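One structure is given here, and the rest of the page talks about it.
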């Protein structure tokens, strides 16, 4: 990923949302008929597709954050592959150079940058913070990339074009800004993820743009 600065210089994968959200997703699928709207009309309330343990996605990602009082940014591409018990993420620069290969299982996380010995840790957030300079919320993204989350109130959230923002119970603010053209049920295209931590790395915002399949 390309890095700029304005100043000097094991997560368990089994998501708690799945069972709780199954009924909500089913309701969204049942609502498909007659819900298409003109661009100038009200936003569609059709929910995203039912949650899938298996997912392969790719797209671009940019991260902006404050570290030690300095504003920094990173941009690049990602490839995402998940199964029930594993998540693999490849991060690369805008020119295709591999920056990091990340593997996460219930036993822990491993990050390989191709230059140094692979790093391992129980917590992918801490591992990415140390290796990349910012926390990558992999456990949350397994759900968020598909339009699912658990809200700050503990209730399941299922995204739709009409209901497109939520604050998660671990403090991330999610905004589903745009959707894949012509997809039904709707599929997220751009997701903005923000969080203020009050720590050394603070005020982080991540913009994710998913390419069409």
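Numbering (our numbering), first residue to last: 53 to 265.
Think of the CB as a built atom: it goes at the ideal place given N, C-alpha and C, for glycine as much as any other residue.
Quick caveat, the model's predicted, so the values are computed rather than measured.
Between residue i and residue j, what straight-line distance do the alpha-carbon atoms span, to the nearest angstrom?
| i | j | result |
| --- | --- | --- |
| residue 105 | residue 139 | 10 Å |
| residue 178 | residue 202 | 21 Å |
| residue 141 | residue 127 | 15 Å |
| residue 169 | residue 215 | 44 Å |
| residue 158 | residue 118 | 30 Å |
| residue 210 | residue 219 | 12 Å |
| residue 186 | residue 206 | 26 Å |
| residue 245 | residue 108 | 20 Å |
Kindly indicate the opening and closing residues of the beta strand (DSSP E) around residue i.
| i | result |
| --- | --- |
| residue 244 | 240-247 |
| residue 107 | 107-119 |
| residue 229 | 225-231 |
| residue 220 | Note, residue 220: premise wrong, no beta strand (DSSP E); not H, not E. |
| residue 200 | 200-202 |
| residue 140 | 138-144 |
If we count the other Cβ atoms within 10 Å of its Cβ and call it buried at 16 or more, is residue i buried or exposed?
| i | result |
| --- | --- |
| residue 194 | buried |
| residue 85 | In this predicted model, residue 85 has a pLDDT of only 37, less than 50, meaning its place in the structure is not dependable; the value taken from the coordinates is given anyway. Counting Cβ neighbours within 10 Å, residue 85 comes out exposed, since fewer than 16 surround it. |
| residue 217 | exposed |
| residue 285 | Residue 285 is absent from the model: the chain starts at 53 and stops at 265. |
| residue 113 | buried |
| residue 137 | exposed |
| residue 124 | buried |
| residue 146 | exposed |
| residue 212 | buried |
In terms of residue numbering, what span does the alpha helix (DSSP H) encompassing residue i cover?
| i | result |
| --- | --- |
| residue 182 | 176-184 |
| residue 194 | 190-196 |
Which residue from the options puts its Cα closest to that of residue i?
| i | options | result |
| --- | --- | --- |
| residue 95 | 245, 238, 261 | 238 |
| residue 150 | 167, 137, 135, 134 | 167 |
| residue 247 | 223, 264, 241 | 223 |
| residue 221 | 182, 100, 192 | 192 |
| residue 256 | 98, 181, 162 | 181 |
| residue 226 | 236, 260, 154 | 260 |
Measure how close the beta-carbons of residue i and residue j come, nearest whole angstrom, since I'm counting them as under 8 Å.
| i | j | result |
| --- | --- | --- |
| residue 164 | residue 173 | That belief does not hold up - the Cβ atoms of residue 164 and residue 173 are roughly 13 Å apart, past 8 Å. |
| residue 130 | residue 111 | 6 Å |
| residue 47 | residue 198 | A question about residue 47 goes unanswered here, because the residues of the chain that appear run from 53 up to 265. |
| residue 115 | residue 258 | 5 Å |
Does residue i come within less than 8 Å of chain B when only Cβ atoms are used?
| i | result |
| --- | --- |
| residue 164 | Absence of chain B from the displayed structure is noted, only one protein chain being present. |
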